[in-house]
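Read through the structure below, which is laid out as structure tokens, and then see the notes.
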Amino acid sequence: MRIRIPAAFSAIAVASMFAAGCSDSYFEGPRLSTNPNQPSTAKPENQFVGFQAFAFYTLTGDLNRLISLWNQQMAGTGRQWAGYDQYAVTENDFTFGSFYTQGGLVDIRGVQEKVADDKLFLGIAQTWEALIMDLASDTWGDIPYSEAVSDVIHPKLDKQADVHNALLALLDQAITNMNAGGTGPAALDLIYGGDQDSWIAAAHTLKARIYMHLAETDASNYAKALAETDAGIASPDGDFTTYQSATTGEANHWYQFRIQRGTDISAGKFLVDLMKSRSDPRLLDYFEPGSDANGQVIGAPPGQEFDGTQAWLSAVRGAPDFRQPVLTFAENQMIRAEAQYQTGAPGAALATLNAYRGSVGLGPKAAVGAALLQAIMEEKYVALFQNTEVWNDYRRTCYPNLAPASGSFIPARLVYGTDERRANPNIPSPSQQPKRNQLDPATPTAIDGSACLGTGT
Amino acid sequence: MRSSWRLLGILAISLGSGLPRPQPLHAQNNPITISGRVTNDAGAPLSLASVYIETLGLGVQTTDDGRYQLTIPAARVHGQQVALGVRAIGFRNTSALISLTGTSITKDFQLAANPLRLGEVVVTGSGTSTTVEKLGNTINSVKSEDVQKSNEPNIVNALAAKAPGVEVTSQAGDPGAGSSIIIRGLKTIEGDGQPLFVIDGQPIDNSSLKTGDFADASTAISNRAADINPSDIESIEILKGAAASAIYGARAAQGVVLITTKSGRPGATRYTFRSSSGWDDVNRSLPLQRSFGRGDYDSAESADCSGPGCYPTSSSWGPKLAGGASVYDHWDEAFETGHTFDNTLSVSGGDDRRTFFASLGNTLQNGTIVGDHDKYNRTTGRLKATQFFGSKLRVGGNISYMDVRTRYVQKGNNLNGLLLGLARTPPDFNNFPYVVDGLHRSYRYPNPDPADPLADRVYDNPFWVINRDKNTSDVNRAIGNFDIAWDPMSWLNVKYTFGADYSSDQRLEGLPPQSAGDALLGQLWQGTYDNLQMDHNLVATAEKKWSSALNTTFTLGQNLNSRDLRQVLSKGTNYIDPDIFTLNNTVNSNLQAQNYQQLVRVAGYFAQAGVDLWDQLYLTGAVRADQSSTFPKENRTNYYPKASLAWNAIGSNARPAMGPLSYLKLRGAYGAVGREPAPYQIYDAFSYAAVGLDYGGGSTSPTQNGSGGVVSNLVRGTPTLKPERTGETELGFDFGLFKQRVDGTFTLYNAKTTDVIFSLPIPVSTGYQNVVSNGGEISNKGLEVSLNARAIENPNLRWEIGVTWARNKNKLVELTGADYVGLTGGFGNSVAVKGQPLGSFYGTDWVRCRYEIGDADNHYTNLANEDVDVNALCRSANAANHSLYVDADGFPGLDPANRVLGDPNPQWLSGIRNNFTLWRKLQISSLLDIKKGGVNWNGTRLALQRFGTYGNTAGRASCLEQGDDVVCTGNEQEFGVTMEKSPGVVGPGKGMKVPVGENWWHDGLGNNFNGPTGQGVENSGYVKLREISVAYTWESRKVRDLIGFNSIDFRVSGRNLGTWSSYQGIDPETNLEGAYGIGRGQDYFNNPQTRSFILTLTLNH
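First to last, the protein sequences are chains A and B. The numbers in the numbering used here rise by one with no breaks, and the one at position 35 of the first sequence is 34. The numbers in the numbering used here rise by one with no breaks, and the one at position 79 of the second sequence is 710.
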């Protein structure tokens, strides 16, 4: 008895465990040979929503904040942002992963593949690609594009002009596709709810923007940009704005920044003073006075720490559900005015400018020559508050002629992020990278003929 | 007290009562009582020695006064002669022949020391064991009394400086904080670097899981092995090399810690009550300046803040504080003396058929942060029992239950952490009151505006952090196993163990409304972690002695292991009621829930053969085949062989001694072990997860506006993944001199880890950031020496001294496809860089001569806007490597590229142990822990330099704002010479002296916000007086008669009483993220370490 029980037990144990341990079923099954935490495939609808959410960050997140600091619309008044305000940026900051990975090019290409039969959806996805990659190319100049998100292990750098031209061609395809129609993403499109006409107009405005980037080196692009604005966003109702809500994970990134990092960024003195000098009625649409400021909107000059007086965004602009403008009627019209001016039609340019001024409650201007161009650029600088495009305009025209916060050079591009450089031998080391992008002229003089203060060597 | 003892006794006896008892036969003779005392050769009593008569199957254990009493039932007495034997750990077995006549026999024993433990059985894992002299590889043993002497509630800490080549780093002094243990260097990039922990044959969970978003913020993180009550431990064997741990195959790459808990012994039931009371203090505080007040540029203007809602400057760059001004010691205000109470009651005993051990323990710790908000309360119970059925079968069970409740105070890189706000507070700001009319008041927001109750506080007031936050972890855990030992034949032994380790951890991390950062509306993390591990181990060993010269053993075994982890973690924000820390109390639209689960199964089969030749040459060979569910099917089975040879050249029967050399064993071993990859890494996947974005980008959820969203994972799976594999060769010898008065060991090892798994960074332009890859090679080469001497052996004075010394050279030899990768727990700057030791700091630095890199990679655009070829300049100036480039303004320049900044791994580690025994009753012992070299990143100092509160900023230039310029005078420093000391100086500013004050530390690069990471790297070597204790044992018949105990033991001890280090911050033993990852040496507003003074009373009955 004493022996039999353990003997029997052992026999059963040995038999059962060998049976268990040797068979594949011990190693396979739910939670063993499948990932219980994440799906292995994605439907295009879900991938499109995810892509848009992450694209909002790419367009209106860290990089957007940095650009608004460097263009002195805002100012860094604490910690890391005080450093960025002084151009203390290394290759560890503002890496460019978000343009390509996780919600970047990889996912919008995934959507394009899966919706190839729905031409409207495909065209919208192509327009998105052009919008995102244009910003990447504006920021870093030459970027991996033709070989990006492919089987190539080390994608090569394409010249900035080549990327821009490829994006223009992509937008032509997108417009053709959208015109062909289809079911489209409908309500999953967080920008226009799948509206065909709005998307086609946005694609034209985007084309106009890209032509302007090429215009400084090849003036024939002004005419092309002008032509695109004809079909571009026709009213503020057609503005391309991000989707945001009060829900965590959907909130406006500027709002989230304020919540997390408090007063590390405040209103920029240059923009505030400019708007005051213009008696611009939008001042209080943009900003709310600081707690110590006695109702005054005060902007911080570069290098100043937060002291309670400097303004933050207004309740509207700083709200969690404020939809950040990305491509707007205002931009379309100011491109139009500038292109009209540059193609020898200053009268039309002035009319476009004044029509726009009227729509925001400002009186008409009567400038001619360089002053007219300066007025157009000033209007665009104010209207495109917190829009990355102001950096492109600065590099093209040296407007506004800002005094650098530190040194004599306002950065004209970012160094490639470590996330790319460390793994891609095609990326030169930081000290070997250019200081300016291919399409940026040196701009030794500003529009009014004075020296450009931020292009010192 | 007595009644509770009785209760435990009943509990223990009731276990035995259901089992059959041998029936006494008719008495023909008188029973005989054998009693006596067992002492060492100096006359000191030996407790826990086994006194036994093998032929009768009888045995007892000595009490703490060394006494034993063994009664032989009358039925078994017939005047025969028997051998009475004695066994004690660390002493040579002894026996005496006695004749069983009369009614009582007295026999005392004096045991000779056996420091090399020859003849002792040592557990070698997975149900196998051998005797010490047969070991061909290193196994270090730590005894129960050494664990207890350390007075550490966490058993991992108790191993500090106990064995060569074992590096223990405690995360912080918080009650419940975790500890990391690294054996013979890091051998992984992706894993946590921690060894496998096994208790009584049952592998247990020793994970370190964070609660909230970031391991570098929130609270200290416990390691789960800390749940074990150290008082229950009988011994710990540390399996260090691959040869020793190969029997654990794919889980043993970082070594194995085998813990054996105490067992009952036949004999009278013994009661032990151990009670200790400790006083804990912060051992090193942050140096904070108290001479300059809030303000900027020597002016208090920016500190003016009278009206509600204002934000004065964050800086302490104001005027020198006047003599009478109020100055606050922010550090002292926040810390107090903590207390630790530790009580354990154990009952053990048994007879020749059954044994039991039962214990009940409680550790109650109230930490050093003021108030009762950092607490640790661990209650443990254990019952271990065995029953013999006949002479061939033994069945045992071992169940322990642990209830661990911890309350933490937040720390680290965290606006809601204790020290971040505390240490930045200007010395003239009073942090009290921290609440005004219900509103949180912080130094950045000193006059809360009632009209705007949710205004940003920037940093939390430290007392708000302490008193208002709630961070808890409640763990309920049971570890149990059932085991059978069966000897069906005289030559065959079968052992079976089935066990489980289940824990449930309820976590809460709550910040009330008005807390800084994104907790403005209140933020709550609530998590449940369930962890179940089951293990089945069957092993059969056959042993045959063929002749006096040849003995063989053969072992076959099987192991099945399953680990199941389920986590649910939810985050809510926006409290409805400000004081209720539950998810229901948050606004539902903000509720975020995430869960994670994983299941891993392993099946292992192993075979081991041993050949003993002429009782002096021992050969062992083994192989383990492991299959794991985490591998792809085609790579599922992996083999881990080992072989070892031990030759007892001197000290065996054949050759007893050679002059003073009384023992010499030469040994060599080779083994292979592995590390399985984390599960699910072989698949590509899409993510639902919201991601937090850099520098305050907030979080973005792929799901928007009620439409479900997914995005691609950043990391691609690799369907052909293989395990990491470590092959290690070790050679060494053990020796004894002068009849073992002096003994020592010497070991050389060389371990090569290949197929190292890591997330290979790929260009992000491919659409992915990483791909899981087997492409690294890590080398660990080292030398371990230990030397012990019983220097004085008089009956009234004994002195033992032991020294351990170990050096490990770690190098990441290969990282295929990448130059470096980040490490978990690395705070972004402790990384794996090819060609450097693992964990090396990597980041931006000053412009320096760097001959180790190509000239093209070391260019700098200086202030004159010249492109400087720095290396060429250095060579022409004949400058030493790493000389500092000082620009024309007298300040160094920022090098924007990432550089290797320092190695956090120690150059060597040493432990020095001294033991004095006076008049047999008074014991004085000490343990010094020495760490030579290694660096920490002192980010705390760098951050505080910007704010002007760190001690070093008390010597400062006076900086005045004149128009748009800042003009500084005084505190003239020469960079590279008196500041940022370096091997040399080059550049146009060489020899220049420049004023250093707010211009540099706040406005310039002299901080971690604008400046390079490299300036924070500091030597973190130390000498620590880990333990010192004085113990007195009081035992006599008088004691017994007077208070009913056999002996009373008093002990006065100190832990970490002295720490000597050149490190400029808190204790250099600190690690922001604990054992959560393998990044190390991070100092960024981590909570401080402690030193303790402890009184212990032990009562034995």
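All C-beta atoms in this analysis are idealised placements derived from N, C-alpha and C, irrespective of residue type, glycine included.
Task: V1231(B) versus F828(B) - alpha carbon distance - done: If you number the second sequence from 1, residue 1231(B) lands on position 600. If you number the second sequence from 1, residue 828(B) lands on position 197. Their backbone Cα atoms lie some 17 Å apart in a straight line.
- [ ] List the residues that DSSP assigns as beta-bridge partners of W324(A).
- [x] One-based indexing of the first sequence puts residue 324(A) at position 325. The displayed chain sequence assigns Pro, not Trp, to residue 324(A). In DSSP, P324(A) forms a bridge with T240(A).
Task: Rounded separation between H203(A) and F384(A) - CA only - done: Here residue 203(A) refers to the residue found at position 204 when the first sequence is read from its first residue. Here residue 384(A) refers to the residue found at position 385 when the first sequence is read from its first residue. Computed Cα separation, rounded: 21 Å.
Open item on the list: I want to see whether chain B comes within less than 8 Å of Y415(A), judged by CB atoms only; does it?
Closed with: One-based indexing of the first sequence puts residue 415(A) at position 416. Taking Cβ atoms only, chain B never reaches closer than 8 Å to Y415(A), which makes this a no.
TODO: Could you work out which residue in A1116(B), I770(B), N788(B), L917(B) is closest to V778(B) when comparing CA atoms only?
DONE: For this step, residue 778(B) is matched to residue 147 along the second sequence. Nearest C-alpha to V778(B): N788(B).
TODO: Could you give the DSSP three-state label for Q1228(B): helix, strand or coil?
DONE: In the second sequence, residue 1228(B) corresponds to position 597, counting from 1. Reduced to three states, the DSSP call for Q1228(B) is strand.
Open item on the list: I'd like the list of long-range same chain contacts for N1738(B), defined as Cβ closer than 7 Å, with 5 residues on each side in sequence excluded.
Closed with: Here chain B comprises residues numbered 632 to 1732, so residue 1738(B) is not present and cannot be evaluated.
- [ ] Taking only beta carbons into account, state which residues of the region 73-95 of chain A come closer than 9 Å to chain B, listed in chain order.
- [x] G77, R78, Q79, W80, A81, G82, Y83, Q85, A87, V88, T89, E90, N91, D92, F93, T94, F95
Task: CA nearest to the CA of V1531(B), picked from T1183(B), P1537(B), K1465(B) - done: On the second sequence, residue 1531(B) is found 900 positions in, with the first residue counted as 1. Comparing Cα positions, the closest option is K1465(B).
TODO: Put G1622(B) into one of helix, strand or coil per three-state DSSP.
DONE: Within the second sequence, the letter at position 991 stands for residue 1622(B). G1622(B): coil per DSSP, three-state reduction.
Open item on the list: Does the CB of C1590(B) have a neighbour CB from chain A at under 8 Å?
Closed with: As a working mapping, residue 1590(B) is identified with position 959 in the second sequence. Under the Cβ criterion of 8 Å, C1590(B) is not counted among the residues facing chain A.
Task: Beta-carbon proximity list for G453(A), same chain, < 8 Å, skipping 5 on both sides - done: For this step, residue 453(A) is matched to residue 454 along the first sequence. Within the same chain, G453(A) has close Cβ partners Y393, C397, N400, L401, A402, P403, S407, F408, I409.
Task: S1283(B) (DSSP reduced to helix, strand or coil) - done: Counted from its first residue, the second sequence places residue 1283(B) at position 652. Three-state DSSP puts S1283(B) in coil, outside helix and strand.
- [ ] Look at the Cβ atom of D61(A), then the Cβ atom of Q437(A), and state whether they are nearer than 8 Å.
- [x] Residue mapping note: residue 61(A) aligns to position 62 of the first sequence, counting from 1. Residue mapping note: residue 437(A) aligns to position 438 of the first sequence, counting from 1. In this structure, Q437(A) does not lie closer than 8 Å to D61(A) by Cβ.
TODO: Run down chain A in chain order and give the residues with a C-beta less than 7 Å from the C-beta of R1479(B).
DONE: Locating residue 1479(B) in the second sequence gives position 848, where the first residue counts as 1. Simply none; closest approach about 14 Å.
TODO: Can you say whether P651(B) is buried or exposed, counting buried as having 16 or more other CB atoms within 10 angstroms of its CB?
DONE: Taking the first residue of the second sequence as 1, we reach residue 651(B) at position 20. Note that P651(B) has pLDDT 40, beneath the 50 cutoff, so the model's placement of it is unreliable and no number is given.
- [ ] Please work out which residues of its chain come closer than 6 Å, Cβ to Cβ, to P939(B), disregarding the five sequence neighbours upstream and downstream, and give them in chain order.
- [x] Mapped onto the second sequence, residue 939(B) falls at position 308. These residues qualify, in order along the chain: N1078, D1080.
- [ ] Can you grab the Cα-Cα spacing for the pair Q37(A) / N220(A), in whole Å?
- [x] Start at 1 with the first residue of the first sequence, and residue 37(A) comes out as number 38. Start at 1 with the first residue of the first sequence, and residue 220(A) comes out as number 221. Approximately 47 Å between the Cα atoms of the pair.
Task: Reduced DSSP category for T1609(B) - H, G, I as helix; E, B as strand; rest coil - done: To locate residue 1609(B), count along the second sequence from 1; it is residue 978. Coil.
- [ ] Could you have a look at Q885(B) and say whether DSSP puts it in helix, strand or coil?
- [x] In the second sequence, the residue the question calls residue 885(B) occupies position 254. Q885(B) falls in the coil class under three-state DSSP.
Open item on the list: For H1167(B), count the other beta carbons within 10 Å of its own beta carbon; 16 or more makes it buried, fewer makes it exposed. Which is it?
Closed with: Here residue 1167(B) corresponds to residue number 536 of the second sequence, with the count starting at 1. Buried, by the Cβ-count rule.
Open item on the list: Let's see if you can read the secondary structure: which residues bound the beta strand (DSSP E) around C1590(B)?
Closed with: What you label residue 1590(B) is simply residue 959 of the second sequence in a count that begins at 1. Taken as a continuous stretch (DSSP letters only), the beta strand (DSSP E) holding C1590(B) covers 1589-1593.
Task: D1080(B): contacting residues in chain A (beta-carbon distance under 8 Å) - done: Along the second sequence, one-based indexing puts residue 1080(B) at 449. The answer, in chain order, is S290.
Open item on the list: Taking 8 Å as the threshold (beta carbon to beta carbon), is F305(A) in contact with chain B?
Closed with: For this step, residue 305(A) is matched to residue 306 along the first sequence. For F305(A), the answer is yes, since a Cβ of chain B falls inside 8 Å of its Cβ.
TODO: Could you tell me which residues DSSP pairs with V799(B) in its beta bridges?
DONE: In the second sequence, residue 799(B) corresponds to position 168, counting from 1. DSSP output for V799(B) lists I812(B) as bridge partner(s).
Task: Chain-ordered chain B contacts of V110(A) [CB-CB under 8 Å] - done: In the first sequence, residue 110(A) corresponds to position 111, counting from 1. The premise fails here: V110(A) is roughly 11 Å from chain B at the closest Cβ pair, so nothing lies under 8 Å.
Task: Beta-carbon proximity of S772(B) to E868(B), cut-off 8 Å - done: On the second sequence, residue 772(B) is found 141 positions in, with the first residue counted as 1. On the second sequence, residue 868(B) is found 237 positions in, with the first residue counted as 1. A contact, by the Cβ cut-off of 8 Å.
Open item on the list: For F50(A), report the span of its alpha helix (DSSP H) as first-last.
Closed with: As a first step, residue 50(A) must be located in the first sequence, where it is residue number 51. Taken as a continuous stretch (DSSP letters only), the alpha helix (DSSP H) holding F50(A) covers 43-59.
- [ ] Note down the Cα distance separating R1737(B) from L766(B), rounded to an integer number of angstroms.
- [x] Outside the shown range of chain B (632 to 1732) lies residue 1737(B), about which nothing can therefore be said.
- [ ] Taking all protein chains shown into account, decide if D1476(B) is buried (16 or more other Cβ within 10 angstroms of its Cβ) or exposed.
- [x] Along the second sequence, read from residue 1 onward, the residue named residue 1476(B) stands at position 845. So D1476(B) counts as buried.
- [ ] Would you tell me roughly how many angstroms separate the C-alpha atoms of A350(A) and V367(A), rounded to the nearest one?
- [x] If you number the first sequence from 1, residue 350(A) lands on position 351. If you number the first sequence from 1, residue 367(A) lands on position 368. Taking the straight line joining both Cα atoms gives about 12 Å.
Task: Interface residues of the region 1261-1274 of chain B facing chain A [CB-CB below 8 Å] - done: K1264, R1267
Task: Three CB pairs or more closer than 8 Å across the region 1091-1100 of chain B and the region 1129-1137 of chain B - done: no
Task: R1088(B) beta carbon near the ligand HEM (any heavy atom closer than 7 Å) - done: No copy of the ligand HEM appears in this structure; indeed no ligand is present at all.
Open item on the list: Comparing C-alpha positions only, which one of G1521(B), T1251(B), L1573(B) sits nearest to R78(A)?
Closed with: As a first step, residue 78(A) is located in the first sequence; it is residue number 79 there, counting from the start. R78(A) has its Cα closest to that of L1573(B), out of G1521(B), T1251(B), L1573(B).
Open item on the list: Can you give me the C-alpha to C-alpha distance between A658(B) and H709(B), rounded to a whole angstrom?
Closed with: Taking the first residue of the second sequence as position 1, residue 658(B) is located at position 27. Taking the first residue of the second sequence as position 1, residue 709(B) is located at position 78. Here the model assigns A658(B) a pLDDT of 44, short of 50, so the residue's position is not dependable, and the following value carries that caveat. Looking at the two C-alpha atoms, the distance is approximately 11 Å.
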